[in-house]
Amino acid sequence: MNLKLHLSYATLVMALVVIQNSFGQDLSDLSQVKPLTVNGGASFSQVWYGAQNINEQRPPYFWVLNANLNINLYSVAIPFTATFTSQNNEYTQPFNQFGISPKYKWITGHLGFRSMQFSEFTMGGLIFLGAGVEIEPSNSKWKGKAMYGRLTKAIPLPDGSAVASNEPAYERWGYAGQVGYKLSIGEINLNLVRAKDNPNSIDIDTLQLNAQENFVWGLTTNLNLTPKLNFQGEFAQSAYTYDVSLPALGENTYGYANNFGVFYTPNSSTVINGAGTGTLTYNLKGTNLGFTYRRVGPNYRSMGAIYLNNDLENYTFNLGTTLLKKKMTLGGSFGVQRNNLSGEQLTSDNRLIGSVNASYQLTKKIMVAGNYSNFRSSNTPSAANIQDTIKFLQLTNNYGLLTSYSTGNENISHAVNVAGNYQKADAIQDNSVLSVSDGSEFYNTYLAYNLGFPKLKVTFTSAINYNRFVSPGNLTEAYGPTLGINKQFFKDKIGTNLAVSYIDNFLNTSYLNNNVSFVYGINYRVDKYNSIRVDGRYLSRKSAGNVRGSETQFGLSYGFNF
810 MNLKLHLSYA TLVMALVVIQ NSFGQDLSDL SQVKPLTVNG GASFSQVWYG AQNINEQRPP
870 YFWVLNANLN INLYSVAIPF TATFTSQNNE YTQPFNQFGI SPKYKWITGH LGFRSMQFSE
930 FTMGGLIFLG AGVEIEPSNS KWKGKAMYGR LTKAIPLPDG SAVASNEPAY ERWGYAGQVG
990 YKLSIGEINL NLVRAKDNPN SIDIDTLQLN AQENFVWGLT TNLNLTPKLN FQGEFAQSAY
1050 TYDVSLPALG ENTYGYANNF GVFYTPNSST VINGAGTGTL TYNLKGTNLG FTYRRVGPNY
1110 RSMGAIYLNN DLENYTFNLG TTLLKKKMTL GGSFGVQRNN LSGEQLTSDN RLIGSVNASY
1170 QLTKKIMVAG NYSNFRSSNT PSAANIQDTI KFLQLTNNYG LLTSYSTGNE NISHAVNVAG
1230 NYQKADAIQD NSVLSVSDGS EFYNTYLAYN LGFPKLKVTF TSAINYNRFV SPGNLTEAYG
1290 PTLGINKQFF KDKIGTNLAV SYIDNFLNTS YLNNNVSFVY GINYRVDKYN SIRVDGRYLS
1350 RKSAGNVRGS ETQFGLSYGF NF
């Protein structure tokens, strides 16, 4: 059974399950509905860029066109979005994207470049080119989703050369489906994902790049076990084939994989792994207590997920509460993480992670907040690497403090913020604490003051910042002030902003360079439909050898809304 037949079968089953109790309801009285409403907007932005004695960071000219259109036809919502950029001619993967998601009552369709969320371990966050549907009848306990489309565009080798700016890749197509059932205490969902590379989409005879295939099934649930106890969880299982050209295994060769039935046929390159997570949360008079367990098996992958950290197991405890008549909020977490779940790696890492954060409203004008986190990572040789007896431990501590003061009236306002952050990393090897020269320290402090005149619609800002970073053999420092002003004119039709900053940089107490930057912007709201923005940035950098370089950027944007 090929991929498209699987899609038709899965979609038909979901549609029958979801809508079996949904028809029979009366259609809305269309005479009472406005037949057509249309709104939306478009914007066109251009950026010019130039650099002297500095490596160029971007193209000399760049443009972006964004558009969105919302059509409502007899209560059928049809939103449309599109993005076009000048970069589309320079990159293999498309930057020019468009899509439409019409909606009528409990049915939503998707067409074009879209993204649909099924679950973390199966399908989510991936932009595909294709079609999808979401069905959630209000008078039914069933709901469902389905999609089919291209997950990855083919990236061929240019001119048959083995050197390319982008790694070659096959065109990848796939489908996903979800059937959900609403319970009195929550819901449960079944997810299916299948995707496969097209081995004929690119010519890579000279490279060892194998076409791959994947099938994932999973369950997600959200249950209110009691009025105060909630459980959220997901379990998924993935069969990932790394070379589809290999012959299929016999029915009795790989019994565990054959449990996937008609949806998947494994071969000798197929790897099966599971992933799961569960969170219990208990609410007690404003205090939330939680416990989370998460396990992602070695080499667990899903072609429907952008990226997943695998070969990890976590246990985490969480606490959140309010004290002193809700003037103080307190939160914290403590967790344990380990990898090398199968014991096949040469070393195993074990981590302890703890954090505490608190804020206290001293008065209506003064607020204090602080945070602390501790990260401990140990590396221990496994049985497969008994020759290496060195144990390594890294400790990282992070401290943060913020104090803010604000006051004002209709004529004048003041705001002061003082903040600092300190991070220290130490290394322990063979039970001996190494000096900070073998670790690192980072300091960051800033002081900011804002002065506002509400009636004049003008705000002045000022700040000074200091950064210090100590690493093995190096000490880097940077400090300097920033000044800015924001002003509205002509009943807020024109908004302006200007900021100037100066930063001195030092390396091992020796002067390295300084940066002077100017940032400006002007917004002009022509009328309720049209707006224009002009903005720019100028950066001047002078090194210790009096070599000066600069960057200049100018932007012009036009927006239209209706």
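The sequence shown lines up with residues 810 to 1371 when you count with the numbering used here. Note that CB positions come from ideal geometry on N, CA and C, so glycine has one too.
Check                                                                                                                                                                                                         : Outcome
Taking the alpha carbon of GLU1286 as the point to measure from, which residue in ASN1323, SER949 and GLY1217 has its own alpha carbon closest?                                                               : ASN1323
Whether or not the segment 1072 to 1085 and the segment 1040 to 1054 are in contact is what I'm after, with contact meaning three or more pairs of Cβ atoms, one per stretch, closer than 8 Å; do they touch? : yes
Please name the residue, chosen from ASN1206, LYS1233 and LEU1260, that lies closest to ASN1218 on a Cα-to-Cα basis.                                                                                          : LEU1260
If contacts are defined as beta-carbon pairs under 8 Å, then THR1253 and ASN1283 qualify, I think. What distance do you get, rounded to the angstrom?                                                         : Just to set this straight, residue 1253 is Asn in the shown sequence, not Thr. About 17 Å; that fails the 8 Å criterion.
Can you grab the Cα-Cα spacing for the pair ASN1180 / LEU1211, in whole Å?                                                                                                                                    : 9 Å
Between which two residues does the beta strand (DSSP E) holding GLN1362 run?                                                                                                                                 : 1357 to 1370
For SER895, name the three-state secondary structure that DSSP assigns.                                                                                                                                       : helix
With a threshold of 16 other CB atoms inside 10 Å of the CB of HIS919, please say whether the residue is buried or exposed.                                                                                   : buried
Below 8 Å on the Cβ atoms is my guess for TYR1333 versus LYS1300; work out the distance and round it to an integer in Å.                                                                                      : Their Cβ separation, rounded to whole angstroms, is 13 Å, which puts TYR1333 and LYS1300 out of contact at 8 Å.
Report the residue from PHE1278, ILE1273 and LEU935 whose alpha carbon sits nearest the alpha carbon of ASN1317.                                                                                              : PHE1278
Report the three-state DSSP secondary structure of PHE1072 (helix, strand or coil).                                                                                                                           : helix
What's the gap between the Cα of THR1268 and the Cα of MET1176?                                                                                                                                               : 22 Å
Between TRP982 and THR961, what straight-line distance do the alpha-carbon atoms span, to the nearest angstrom?                                                                                               : 7 Å
In angstroms, rounded to a whole number, what distance separates the CA positions of ALA1004 and TYR1214?                                                                                                     : 55 Å
Give me the Cα-Cα distance between VAL1165 and VAL1145, rounded to the nearest whole angstrom.                                                                                                                : 16 Å
Buried or exposed: LEU1155, going by 16 or more other Cβ atoms within 10 Å of its Cβ?                                                                                                                         : exposed
Is it buried or exposed, ILE964, if we count other Cβ atoms within 10 angstroms and call 16 or more buried?                                                                                                   : buried
Which full runs of the beta strand (DSSP E) of 3+ residues lie inside the segment 1321 to 1357, going along the chain?                                                                                        : 1339 to 1352
Pair every Cβ in the segment 1333 to 1342 with every Cβ in the segment 1354 to 1368, then say whether three or more of these pairs are closer than 8 Å.                                                       : yes
Give every residue of the same chain whose Cβ lies closer than 8 Å to the Cβ of LEU999, excluding the five residues on either side of it in the sequence, and list them in chain order.                       : GLN987, VAL988, GLY989, TRP1026, GLY1027 and LEU1028
Tell me which residue opens and which closes the beta strand (DSSP E) that SER858 is part of.                                                                                                                 : According to the sequence as given, residue 858 is Tyr; it is not Ser. Counting along the chain, the beta strand (DSSP E) containing TYR858 begins and ends at 845 to 861.
Hey, how far is the Cα of SER928 from the Cα of ASN1183?                                                                                                                                                      : 30 Å
Can you tell me the Cα-Cα spacing of LYS1173 and TYR1320, whole angstroms?                                                                                                                                    : 44 Å
Opposite MET1306 in the DSSP bridges: which residues?                                                                                                                                                         : The sequence given here places Asn at residue 1306; Met does not occur at that position. In DSSP, ASN1306 forms a bridge with ASN1295 and GLY1330.
Please classify ARG867: is it buried, with 16 or more other beta-carbons within 10 angstroms of its beta-carbon, or exposed?                                                                                  : exposed
So is ASN948 in contact with chain C if we call contact Cβ pairs under 9 Å?                                                                                                                                   : Protein chains in the displayed structure number just one, and chain C is not present.
What's the gap between the Cα of PHE930 and the Cα of LEU1117?                                                                                                                                                : 8 Å
Can you name, in chain order, every residue of its own chain whose Cβ lies under 7 Å from the Cβ of PRO911, other than the five neighbours on each side?                                                      : VAL885, ALA886, ILE887 and GLY918
If MET956 sits next to ALA978, beta carbons under 8 Å apart, how far is it from one beta carbon to the other, in whole angstroms?                                                                             : Rounded, the Cβ-Cβ distance is 20 Å, inconsistent with contact.
Just to check my reading of the structure: MET932 and VAL1002 have Cβ atoms closer than 8 Å, yes? What is that Cβ distance to the nearest angstrom?                                                           : 5 Å
Which first and last residues belong to the beta strand (DSSP E) in which GLN1170 is found?                                                                                                                   : 1156 to 1170
Which whole-angstrom value is the C-beta distance of SER1280 and SER1310, which I expect to be below 8 Å?                                                                                                     : No, SER1280 and SER1310 are not in contact; Cβ-Cβ is about 25 Å, not under 8 Å.
From the DSSP output, in three-state form, read off PRO868 for me.                                                                                                                                            : coil
Per DSSP, what kind of secondary structure is LEU1034 in: helix, strand or coil?                                                                                                                              : coil
Have a look at SER1352 and THR1361 and give me their C-alpha separation to the nearest angstrom.                                                                                                              : 18 Å
Since TRP915 is in the beta strand (DSSP E), which residue starts that stretch and which ends it?                                                                                                             : Run containing TRP915: none; DSSP gives neither H nor E here.
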